[in-house]
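Residues in the sequence shown are numbered consecutively from 119, following my numbering.
Structure record follows, encoded as structure tokens.
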Amino acid sequence: MANAIFSSLPTTVFEEMSGLARTLGAINLGQGFPDDPGPEPLRAKAADLVLNGYNQYPPMAGLPELRQAVADHYNRTQGLDFEAAEITVTSGATEALAACFLGLIEPGDEVVVFQPFYDAYLPMIRRAGGVPKLVSLKPPHWRFDRAMLEAAFTPRTRMVVLNNPVNPTGVVIPDEDLALLAEVCVAHDAIAVCDEVWEQVVFGNARHRPLIAYPGMRERTVKIGSAGKMFGLTGWKVGFLCAAPGLTHALSRTHQFLTFTTAPNLQAAVAWGLANLGDWFRDMPRTLERSRDRLTEGLRREGFAVLPSAGTYFLNIDLPGSGITEGDRDFCLRAVKAAGVAAIPVSAFYEADKVSSIVRLCFSKGDATLDEGVVRLAKARESKGADA
Ligand code: PMP
Ligand code: GLN
């Protein structure tokens with residue numbers, strides 16, 4: 119049975135929908151990536167480093183300059199106290215997550231996971247022998263409370279996985295909920311794996327607070343970041359594991375046999391970007407916020423019910439509230455095939471007790487793409503009427 123875990127999995131919904139968009143020539147508001155090429159100085163730096171920099175294996179834990187730059191960045195922007203020795207560079211957050219699950223879970227350990235969850239979590243937790251314990255969050259607020267946590271945590275809980283800001287909901291988790299989760303983690307002596315890849319993509323008055331900063335969490339939390347999300351270069355796959363020395367040691371044993379290292383020229387470029395592109399971190403969220411607002415307004419004008427989004431590249435529409443009676447997956451398949459616009463069904467982020475009335479849209483796109491996306495989504499809604 120264990121051997122079937124990976125081979126029986128379907129293709130991820132992101133690849134499925136992007137594949138359909140490519141084949142059909144549809145607008146892609148599905149998979150999360152920007153359609154602008156990313157900060158030019160950073161790409162120029164990377165190009166120079168490919169030509170003139172070091173292109174052999176870097177140290178296993180990452181280039182010293184990048185480990186230091188990551189520590190400095192978090193200490194400066196999130197009030198943390200990391201040292202370079204607490205940072206391990208990985209090939210994207212995906213590898214960082216794999217290192218956490220393979221390195222810290224013993225077979226039979228329970229792992230608390232909030233659904234909707236990022237799609238990589240459950241297969242990898244199970245492959246590591248973990249037993250997922252799901253906490254189901256529901257629209258429109260997607261919040262958890264003490265009773266929900268107490269129902270999920272048991273004496274066998276080894277780990278909780280928290281994604282914040284949250285893909286796909288666009289929620290930036292409030293202080294009081296994080297404080298509650300920290301309290302429950304400490305009470306159960308659990309490790310927190312915090313997938314914070316969206317930490318720089320936060321809008322308006324919302325503020326990202328890292329769980330590792332809460333009382334009792336410094337020694338039991340692994341904070342995960344991704345340069346791909348920080349700089350809007352999702353294909354770069356340069357990630358970070360940040361944790362106290364004991365956890366870092368365990369994670370580095372796993373990382374050494376997963377990928378061992380990550381492209382040295384991209385690592386050096388990211389180190390340069392973190393130290394020199396402060397303006398980017400101010401301007402990028404503002405640009406994205408304008409795109410979020412443009413898509414929201416366009417959708418509302420067409421009568422779609424849009425849920426609030428305080429962070430990430432994503433906002434969600436409520437199908438019944440938008441006059442759409444079919445399930446999210448059926449709507450998304452029809453939208454890409456009949457109307458030429460790809461989106462992501464949020465039910466793909468659930469395993470049990472699925473919410474199938476919500477569709478995720480990516481707004482990190484140019485104005486013309488967003489406007490045409492709205493037209494096509496409206497067409498998709500109407501084409502159902504034509505089918506009936
Ligand atoms: N976690 C979350 C919540 C994500 O949204 C993503 C990708 N968008 C990842 C992890 C993977 O990050 P990376 O591309 O750095 O592997
Ligand atoms: N994180 C991206 C998203 O949510 C997709 C990454 C992937 O395709 N695996 O759209």
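A virtual CB, placed ideally from N, CA and C, is assigned to each residue, including glycine.
Rounded to the nearest angstrom, what separates tyrosine 175 and threonine 377 at their Cα positions? For the purposes of this step, residue 175 is taken as residue 57 along the sequence shown, with counting starting at 1. For the purposes of this step, residue 377 is taken as residue 259 along the sequence shown, with counting starting at 1. In a straight line, the C-alpha of tyrosine 175 is about 11 angstroms away from that of threonine 377.
Does any heavy atom of ligand 1 sit closer than 7 angstroms to the C-beta of tyrosine 468? As a working mapping, residue 468 is identified with position 350 in the sequence shown. Flag unset: Cβ of tyrosine 468 not near ligand 1.
From what residue to what residue does the beta strand (DSSP E) around arginine 276 run? What you label residue 276 is simply residue 158 of the sequence shown in a count that begins at 1. Start and end: 275–281.
Tell me where the alpha helix (DSSP H) around lysine 256 begins and ends. Residue mapping note: residue 256 aligns to position 138 of the sequence shown, counting from 1. Premise fails: lysine 256 is in no alpha helix (DSSP H) and is neither H nor E.
Flag aspartate 153 as yes when its Cβ comes closer than 7 angstroms to any non-hydrogen atom of ligand 1, and as no otherwise. The residue given as residue 153 occupies position 35 in the sequence shown. For ligand 1, not one heavy atom lies less than 7 angstroms from the Cβ of aspartate 153.
Go ahead and pull the three-state DSSP assignment for glutamate 317. Taking the first residue of the sequence shown as position 1, residue 317 is located at position 199. It is coil, neither helix nor strand.
Could you tell me which residues DSSP puts in a beta bridge with leucine 522? It is not possible to answer for residue 522, since the shown part of the chain is limited to 119 through 506.
For phenylalanine 219 and alanine 246, I'd like the C-alpha separation in whole angstroms. Locating residue 219 in the sequence shown gives position 101, where the first residue counts as 1. Locating residue 246 in the sequence shown gives position 128, where the first residue counts as 1. Each residue's alpha carbon lies about 6 angstroms from the other.
Expressed to the nearest angstrom, what Euclidean distance is found between the alpha-carbon atoms of valine 289 and proline 283? Residue 289 sits at position 171 when you count from the first residue of the sequence shown. Residue 283 sits at position 165 when you count from the first residue of the sequence shown. Taking the straight line from one Cα to the other gives about 6 angstroms.
Reference threonine 366, options Glu490, Met135, Ala214 and Phe151, closest by Cα: Residue mapping note: residue 366 aligns to position 248 of the sequence shown, counting from 1. The residue with the shortest Cα to Cα distance from threonine 366 is Ala214.
Helix, strand or coil for isoleucine 223? Go by DSSP, reduced to three states. Mapped onto the sequence shown, residue 223 falls at position 105. If DSSP states are grouped into helix, strand and coil, isoleucine 223 belongs with coil.
Over the uninterrupted beta strand (DSSP E) stretch that includes serine 344, give me the two end residues. Counting from 1 along the sequence shown, the entry for residue 344 is found at position 226. Unbroken beta strand (DSSP E) run through serine 344: 339–344.
Do you know offhand how far proline 250's Cα is from isoleucine 243's? In the sequence shown, counting from the first residue as 1, residue 250 sits at position 132. In the sequence shown, counting from the first residue as 1, residue 243 sits at position 125. Cα to Cα, the separation comes out at about 7 angstroms.
Output the residue ranges of the alpha helix (DSSP H) runs that lie fully inside the region 336–394 and measure 4 residues or longer, sorted by chain position. 345–348, 363–376 and 382–394
Measuring from the CB of lysine 355, is there a heavy atom of ligand 1 at a distance below 7 angstroms? As a working note, residue 355 is residue 237 in the sequence shown. Lysine 355: yes, Cβ under 7 angstroms from ligand 1.
Taking three-plus beta-carbon pairs below 8 angstroms as touching, is the region 186–206 in contact with the region 253–261? no
Which two residues bound the contiguous alpha helix (DSSP H) that contains glutamate 183? Reading the sequence shown from its first residue, position 65 is the one you call residue 183. Note, glutamate 183: alpha helix (DSSP H), 182–196.
What does a CB cutoff of less than 8 angstroms around alanine 506 pick up in its chain, not counting 5 residues either side in sequence? Your numbering for residue 506 matches position 388 in the sequence shown. Any reading at alanine 506 needs caution, since the residue's pLDDT is 43, under 50, leaving its predicted position unreliable; the model's value is listed next. Around alanine 506: no qualifying Cβ.
Got a sec, what are the start and stop residues for the alpha helix (DSSP H) isoleucine 243 sits in? Here residue 243 corresponds to residue number 125 of the sequence shown, with the count starting at 1. Start and end: 239–245.
Distance between phenylalanine 271 and phenylalanine 262 (C-alpha atoms, nearest Å): By 1-based counting over the sequence shown, the position of residue 262 is 144. By 1-based counting over the sequence shown, the position of residue 271 is 153. Looking at the two C-alpha atoms, the distance is approximately 13 angstroms.
Quick check: does the Cβ of glutamine 149 come within less than 7 angstroms of any heavy atom belonging to ligand 2? In the sequence shown, residue 149 corresponds to position 31, counting from 1. At least one heavy atom of ligand 2 is nearer than 7 angstroms to the Cβ of glutamine 149, so yes.
May I ask which residues mark the beginning and end of the alpha helix (DSSP H) holding phenylalanine 399? To locate residue 399, count along the sequence shown from 1; it is residue 281. Segment 396–419, the alpha helix (DSSP H) holding phenylalanine 399.
Rounded C-beta distance between alanine 84 and glutamate 183? I'm assuming under 8 angstroms. Absent from the structure is residue 84, since the part of the chain shown begins at 119 and ends at 506.
According to DSSP, is valine 454 helix, strand or coil? Counting from 1 along the sequence shown, the entry for residue 454 is found at position 336. Three-state DSSP puts valine 454 in a helix.
Quick check: the Cα distance between leucine 495 and alanine 324, rounded to an integer number of angstroms? Within the sequence shown, the letter at position 377 stands for residue 495. Within the sequence shown, the letter at position 206 stands for residue 324. Roughly 29 angstroms separates the two Cα atoms.
Cβ atoms of serine 440 and glycine 458: under 8 angstroms apart, would you say? The sequence position of residue 458 within the sequence shown is 340, counting from 1. The sequence position of residue 440 within the sequence shown is 322, counting from 1. Not closer than 8 angstroms, so no.
Along the chain, where does the beta strand (DSSP E) containing valine 290 start, and where does it finish? The count along the sequence shown starts at 1 and reaches residue 290 at position 172. Unbroken run through valine 290: none, as it is neither H nor E.
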